[in-house]
Amino acid sequence: NMGTRFLATAEAPIHDEIKQALLRAGETDTQLVMRSLRNTVRALRNPITQEVVALEQREGGCQFEDLRHLVTGARGKAALETGRFDDAVIAAGQCVGLIDDIPTCQELIERMVQECRAVFERGRALFPETEAIEAV
């Protein structure tokens with residue numbers, strides 16, 4: 834999930850259209866592929882992932898060779914470079930539905946630290962009798 838989040842940062846070396854696809858996606862816009870091969874990947878739902886799933890569900894199942902042309906790393910790399918997110922399996926966690934901006938990595942990390950500290954403070958308030966934890 835953090836990998837998905839860092840794909841949607843200013844510095845991520847992928848095409849802006851992929852970043853925009855991540856922004857548009859909701860948590861139900863992912864699909865599990867290659868489950869039948871026990872090499873499951875959660876990816877943005879698109880025509881390629883739907884074709885992979887259809888091949889996996891056909892009577893008699895499938896072998897990797899049946900999927901190879903759809904799931905190759907070269908195809909995925911090309912999509913990340915060109916922005917054609919509908920032409921490859923683009924791995925993305927369910928957290929994609931929570932992504933609503935494209936910050937810099939520094940902004941993202943600072944935000945995560947700030948949110949973590951806020952959660953710790955709320956937790957500490959629930960147990961005032963315990964010893965305070967020093968801020969990191």
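Note that the sequence shown covers residues 834 to 969 in the numbering used here. Glycine residues also receive a C-beta, built at the ideal position from the N, C-alpha and C atoms.
Those residues which DSSP pairs with residue 924 across a bridge:
Counting from one through the sequence shown, the residue named residue 924 turns up at place 91. DSSP, once it has assigned bridges, lists 876 as partnering residue 924.
On a CA-only basis, which of 909, 919, 930 is nearest residue 857? Give me that one, please.
Taking the sequence shown and counting its residues from 1, one reaches residue 857 at position 24. Nearest C-alpha to residue 857: 930.
Residue 879: buried (16+ other C-beta within 10 angstroms of its C-beta) or exposed?
Indexing the sequence shown from 1 puts residue 879 at position 46. Burial call: buried.
If I follow the unbroken beta strand (DSSP E) through residue 865, where does it start and stop?
Locating residue 865 in the sequence shown gives position 32, where the first residue counts as 1. Counting along the chain, the beta strand (DSSP E) containing residue 865 begins and ends at 863-866.
What's the gap between the Cα of residue 837 and the Cα of residue 935?
By one-based count along the sequence shown, residue 837 stands at place 4. By one-based count along the sequence shown, residue 935 stands at place 102. C-alpha separation (whole angstroms): 12 Å.
Can you give the Cα-Cα distance for residue 900 and residue 854, rounded to whole angstroms?
The residue you call residue 900 lines up with position 67 of the sequence shown. The residue you call residue 854 lines up with position 21 of the sequence shown. A direct Cα-Cα distance of roughly 24 Å separates residue 900 from residue 854.
First and last residue of the alpha helix (DSSP H) that includes residue 840?
The sequence position of residue 840 within the sequence shown is 7, counting from 1. Its alpha helix (DSSP H) spans residues 835-840.
Taking the alpha-carbon positions, what's the residue 892 to residue 868 distance?
Within the sequence shown, the letter at position 59 stands for residue 892. Within the sequence shown, the letter at position 35 stands for residue 868. In a straight line, the C-alpha of residue 892 is about 15 Å away from that of residue 868.
Are the segment 904-922 and the segment 944-958 in contact at 8 Å, needing three or more beta carbon pairs?
no
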